[in-house]
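Quick notes on the structure that follows.
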Amino acid sequence: MAVCVAVIAKENYPLYIRSIPTENELKFHYTVHTSLDVVDEKISAMGKALVDQRELYLGLLYPTEDYKVYGYVTNSKVKFVMVVDSSNTALRDNEIRSMFRKLHNSYTDVMCNPFYNPGDCIHSRAFDNMVTSMMMQVC
Amino acid sequence: MSVPDYMQCAEDHQTLLVVVQPVGIVPEENFFRIYKRISTVSQINVRDSQRVLYIRYRHHYPPENNEWGDFQTHRKVVGLIIITDCSSAKDWPQTFEKFHLQKEIYGSTLYDSRLFVFGLQEEVAEQPRTDVAFYPSYDECETVEKRIEDFIESLFIVLESKRLDRATDKSGDKIPLLCVPFEKKDFVGLDTDSRHYKKRCQGRMRKHVGDLCLQAGMLQDSLVHYHMAVELLRSVNDFLWLGAALEGLCSASVIYHYPGGTGGKAGARRAQGSSLPTEASNRHRPGAQEVLIDPGALTSNGINADTSAEIGRAKNCLGPEDIIDKYKEAISYYSKYKNAGVIELEACVKAVRVLAIQKRSMEASEFLQNAVYINLRQLSEEEKIQRYSILSELYERIGFHRKSAFFKRVAAMQCVAPSISEPGWRACYKLLLETLPGYSLSLDPKDFSKGTHKGWAAVQMRLLHELVYASRRMGNPALSVRHLSFLLQTMLDFLSDQEKKDVTQSLENYTSKCPGTMQFITLPEGLRLPPVPFTKLPILFPLDAASLFSQGEFLTHCKPNAQINRFINCKDRYFQWVQGDVCEVQLMVYNPMPFELRVENMGLLTAGVEFESLPAALSLPAESGLYPVTLVGVPQTTGQITINGYHTSVFGVFSDCLLDNLPGLKTNGCAVEVIPALPRLQISTSLPRSAHTLQPSSGDDISTSVSVQLYNGETQQLVIKLENIGTEPLEKLEVTAKTVNSKEKLYGEFLSWKLEDTLSQFPLKPGKIATFNVNIKVKLDFSCQENLLQDLSDDGISISGLPLSSPFRQIVKPRVDSKPINATESGKVGDFSHVKTLEAILNFKYSGGPGHADGYYRNLSLGLHVEVEPSVFFTHVSTLPATSTRQCHLLLDVFNSTEHELTVSAKNNEDLVLHAGECQR
Chain Z
1 MAVCVAVIAK ENYPLYIRSI PTENELKFHY TVHTSLDVVD EKISAMGKAL VDQRELYLGL
61 LYPTEDYKVY GYVTNSKVKF VMVVDSSNTA LRDNEIRSMF RKLHNSYTDV MCNPFYNPGD
121 CIHSRAFDNM VTSMMMQVC
Chain S
1001 MSVPDYMQCA EDHQTLLVVV QPVGIVPEEN FFRIYKRIST VSQINVRDSQ RVLYIRYRHH
1061 YPPENNEWGD FQTHRKVVGL IIITDCSSAK DWPQTFEKFH LQKEIYGSTL YDSRLFVFGL
1121 QEEVAEQPRT DVAFYPSYDE CETVEKRIED FIESLFIVLE SKRLDRATDK SGDKIPLLCV
1181 PFEKKDFVGL DTDSRHYKKR CQGRMRKHVG DLCLQAGMLQ DSLVHYHMAV ELLRSVNDFL
1241 WLGAALEGLC SASVIYHYPG GTGGKAGARR AQGSSLPTEA SNRHRPGAQE VLIDPGALTS
1301 NGINADTSAE IGRAKNCLGP EDIIDKYKEA ISYYSKYKNA GVIELEACVK AVRVLAIQKR
1361 SMEASEFLQN AVYINLRQLS EEEKIQRYSI LSELYERIGF HRKSAFFKRV AAMQCVAPSI
1421 SEPGWRACYK LLLETLPGYS LSLDPKDFSK GTHKGWAAVQ MRLLHELVYA SRRMGNPALS
1481 VRHLSFLLQT MLDFLSDQEK KDVTQSLENY TSKCPGTMQF ITLPEGLRLP PVPFTKLPIL
1541 FPLDAASLFS QGEFLTHCKP NAQINRFINC KDRYFQWVQG DVCEVQLMVY NPMPFELRVE
1601 NMGLLTAGVE FESLPAALSL PAESGLYPVT LVGVPQTTGQ ITINGYHTSV FGVFSDCLLD
1661 NLPGLKTNGC AVEVIPALPR LQISTSLPRS AHTLQPSSGD DISTSVSVQL YNGETQQLVI
1721 KLENIGTEPL EKLEVTAKTV NSKEKLYGEF LSWKLEDTLS QFPLKPGKIA TFNVNIKVKL
1781 DFSCQENLLQ DLSDDGISIS GLPLSSPFRQ IVKPRVDSKP INATESGKVG DFSHVKTLEA
1841 ILNFKYSGGP GHADGYYRNL SLGLHVEVEP SVFFTHVSTL PATSTRQCHL LLDVFNSTEH
1901 ELTVSAKNNE DLVLHAGECQ R
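If you're matching them up, the sequences are chains Z and S in order. Residue numbers for the first sequence follow my numbering, so the first one is 1 and each next one is one higher. Residue numbers for the second sequence follow my numbering, so the first one is 1001 and each next one is one higher.
Structure representation (structure tokens):
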């Protein structure tokens, strides 16, 4: 389903990034990295007034030839970016939204781990499994 | 139309295109000097009107682009200036011929042309021509600007006549159909009399007039024309031209709204334009009267001219929002035509520039995204580079730095694409450098030492690798060594073990040719690359300054013989270094690499005092733990010395690591005072060295300690040889002794000596030896041994009245009648529970030479460890009734545990001689 899932820290460095075609991982690094421009822009466009009730889901960041990039930003400015194959037209906005919500929940669990230092790379098996399940879901 | 001009912006629609070209052999430098002068005349206030004419100069313009001149008149080459070099009059006809040839290339569209001849005097020309100017040399051509102005005015006259011509022949005559090159064959055999066709002709012409008006500086009129053109063309579904009309409308509105310009080329040209809106109403009046189309303009020759013009403008001019909508619409129309790809691309670029000014980055990025996908014909490599660079620049402008960096990197890669025969590594490197900010990477390692790494390591690493590779291919090994060291230093945490190996391997390869230095590398572009010290290879164990001093472990640990006491009460450990003596600093380091790390030439960096550092080489095992390193050096003068770092050479890279740059180390070095030279003593004794080290309870450092085993009561002489191993004569010596661990009761004087004997040998010259004798005498109390008392009570005889412990007290007064025994005999007695130890410290305080004059002393301590064994044992005690009931005989079984004969003497002077190992009653 998703071909690449990334968690990006507030300071815009990756906490977690995984993609399915592992042989061309760097390409996704670039895709996700450049998508941060759009995320930044969207966050700044939202303004300060709406911080409380703002929508965490940012929607489609940008489409490329082969992929669609979606974004989500938590209240602590941690960003989730998901790259989805654009040939997969069956995927609705709502499904993406629920996937992000799942991701967010799992991330919250990671943060609750007393042995996890915020800002470190995520090495959590539970989180890994959740991402795998999101990537594996039948298309 | 095949070559897109990526630099286009909306204002270009109002410019007249003039091509400046050299003919014949014109030195490039001279051509561009003239070209520059010509280019300064980019804006002309046409005489007797307030209209402003803008000129766009090009020194290169593809003629096929010229063919689209009818579509958008700013693409039309209207003026041609030829610059030529003509050394002799003979060449003149030939040169003139060339001028005409050149003119024919753009002939169809040219309004006027000029020829500038350099190197000839005017006499050559048979009759003066207005379109030829002669200048003797490139330096003497003051009138160039004036001539250009005249030239532009002549262009204006043609333009104005064309405009009036087109604008007025409204309905009567048949309007010719303007078309773009690829349309021509589509219209063959079309019914030219149909209403549809007529409307199309009208619409296109109207749009064309709009273009001309815009060029002629009549913005208001052009807006009106564009509006009408849009109406006409929409009704006939002439999409390509509809798009052009919409774009024209947008351009005119942009020019109106953003007089500062959207191209970002800040300069004289736009500065003057800022006054444009204020004079706009006056300026456009003349045109409006002539066109007579706009209903508002129709009445505008009355008193209410101003208001009507205002109304007209408000109606015709697009608002900022509308501009974007119209651009979108125009682009969507363009995209219907495959052949109009360039037009579409340029429209996208123009729209992005407008959006960048409006600060609407999101929409701009959509336009850019679209522009990326516009597929032109097969591009040459150079065009690809240009395209990626301009995309990068546009992304930069809308604040998408990462995207910008991405495209710049792609452009850089394109420079060295395998298909290019001569890869431009230099250009590639330059472009790569420009991407650094986009990846939030700076090449100063200091930015990284301040706290944790920030940024996208995977991408940054890739970029650094590319920089290394590009600089290597550029033939600048020093640069690649610098980048590679930077990569290793800053990205160490992110490199896998295999990568670490690879990186160091290649670093060693490079440094074998060009060792890394600590100098700044200055690039031709003016960038300065700071040196990269390897503070992580090896890593210094972080400690803060306070603990350094109190633990004496890290930096401040000095050789005891380098340490002197200056009678100063200092909370911290106070010490000084002596001039001319070897001083040590101990560091704790560890190796983070998965392989053995060879550190060469490691030494101290100091400031203040002349210091001769003696470099050390060490080899740290893979992933070593803390590893102590001792760095030594000799201070050559006296004064305050500050240790502020160390230098190393790892993998052929020299680095100076300053302590204040190290992460986690909150010190900027420590200061030590260096005092004048002092003599130095080395102690050797007649006794073997002890494995024991005394607890330094007193805070003294014990340089050596010796041990001896003695029987109780024994006396031994300890011969201490004092050798002056320093370079200064020894003048003064004081000795003190201190007993430690003295829980035992000690009788008599433990250590005694006669200093005078030794002092008589003074002053002690360097290399000389003095001897010093110390007598060790042990007298200890060995009473109260439980098992004996047990025996006593077993006898069942009351010995009341006698304190139990008293019988053993002082009964035995062993006297050593043998010569001092050899200490190797110690340890024979297995029962160590009887062994007691005495420890003492002999302190030698000595001085001499220049240091003595300043009141400095050296302190040297000798630890003395004495094991004392009892010499006799009372193996059995019993009592026998004596003649009187008040008395009894006390029978003691005495065992001589020594190997010597000894005499036991009691109060009644009965001497008992005991032989070694003997037991008597």
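For each residue, glycine too, the CB sits at the ideal point set by N, CA and C.
Which chain Z residues are close to residue i, counting only those with a beta carbon under 8 Å from its beta carbon?
| i | result |
| --- | --- |
| Met-1362(S) | Val-38, Glu-41, Lys-42 and Ala-45 |
| Lys-1403(S) | Thr-34 and Asp-37 |
| Gln-1369(S) | Tyr-62 and Pro-63 |
| Ser-1365(S) | Asp-37, Val-38, Glu-41 and Tyr-62 |
What distance in whole Å lies between the Cβ atoms of residue j and residue i, which are believed to be in contact at a cut-off of 8 Å?
| i | j | result |
| --- | --- | --- |
| Asn-1066(S) | Val-1003(S) | Incorrect: roughly 11 Å between the Cβ atoms, too far for contact. |
| Glu-1381(S) | Ser-1419(S) | 7 Å |
| Lys-1144(S) | Ile-1038(S) | The displayed chain sequence assigns Val, not Lys, to residue 1144(S). Indeed they touch by this definition, with Cβ atoms about 7 Å apart. |
| Ile-1675(S) | Val-1582(S) | Not a contact, Cβ separation roughly 15 Å. |
| Lys-10(Z) | Lys-77(Z) | 4 Å |
Does the CB of residue i have a neighbour CB from chain S at under 7 Å?
| i | result |
| --- | --- |
| Tyr-57(Z) | no |
| His-123(Z) | no |
Ignore the nearest five residues each way along the sequence and tell me which others in residue i's own chain have a CB closer than 7 Å to its CB.
| i | result |
| --- | --- |
| Glu-1329(S) | Leu-1246 |
| Glu-1344(S) | Ile-1331, Tyr-1334, Ser-1335 and Ile-1374 |
| Asp-1005(S) | Glu-1346 |
| Pro-63(Z) | Ser-86 |
| Ile-1385(S) | Ala-1411, Gln-1414 and Cys-1415 |
| Phe-1651(S) | Thr-1504, Leu-1507, Glu-1508 and Thr-1511 |
| Ala-1229(S) | Gly-1203, Arg-1206, Lys-1207, Gly-1210 and Ala-1245 |
| Arg-1234(S) | Leu-1242 |
Name the chain Z residues that come within less than 9 Å of residue i, Cβ to Cβ?
| i | result |
| --- | --- |
| Gly-1455(S) | Glu-11, Asn-12 and Tyr-13 |
Residue i CB to nearest chain Z CB: under 7 Å?
| i | result |
| --- | --- |
| Val-1354(S) | no |
| Phe-1400(S) | yes |
| Phe-1406(S) | yes |
Report the neighbours of residue i on chain S: residues whose CB is nearer than 9 Å to its CB, in chain order.
| i | result |
| --- | --- |
| Leu-26(Z) | Ala-1458, Val-1459 and Arg-1462 |
| His-29(Z) | Trp-1456, Ala-1458, Val-1459 and Arg-1462 |
What does a CB cutoff of less than 8 Å around residue i pick up in its chain, not counting 5 residues either side in sequence?
| i | result |
| --- | --- |
| Pro-1594(S) | Asp-1497, Lys-1500, Lys-1501, Ala-1622 and Glu-1623 |
| Val-1041(S) | Ile-1055, Glu-1145, Ile-1148, Glu-1149 and Ile-1152 |
| Ala-126(Z) | Ser-106, Asp-109 and Val-110 |
| Cys-1317(S) | Leu-1223, Ala-1252, Ser-1253, Tyr-1256 and His-1257 |
With a CB to CB cut of under 6 Å and the five nearest residues on each side skipped, what residues in its chain are close to residue i?
| i | result |
| --- | --- |
| Lys-1765(S) | Pro-1729 |
With three or more C-beta pairs closer than 8 Å as the rule, is the segment 1017 to 1027 of chain S touching the segment 1361 to 1371 of chain S? no
Three CB pairs or more closer than 8 Å across the segment 1189 to 1208 of chain S and the segment 1132 to 1144 of chain S: no
Touch test, the segment 1614 to 1631 of chain S against the segment 1511 to 1525 of chain S, Cβ-Cβ under 8 Å, three pairs minimum: no
Can you confirm whether the segment 1706 to 1724 of chain S touches the segment 1639 to 1657 of chain S when touching is taken to mean that 3 or more C-beta pairs between the two stretches lie within less than 8 Å? no
Counting Cβ pairs, one atom from each stretch, are 3 or more of them under 8 Å apart for the segment 1836 to 1849 of chain S and the segment 1857 to 1871 of chain S? yes
Three Cβ pairs or more, each shorter than 8 Å: is that satisfied between the segment 116 to 133 of chain Z and the segment 27 to 36 of chain Z? no
Under 8 Å, with one C-beta from each stretch per pair, do the segment 1066 to 1079 of chain S and the segment 1100 to 1114 of chain S reach the 3-pair mark? yes
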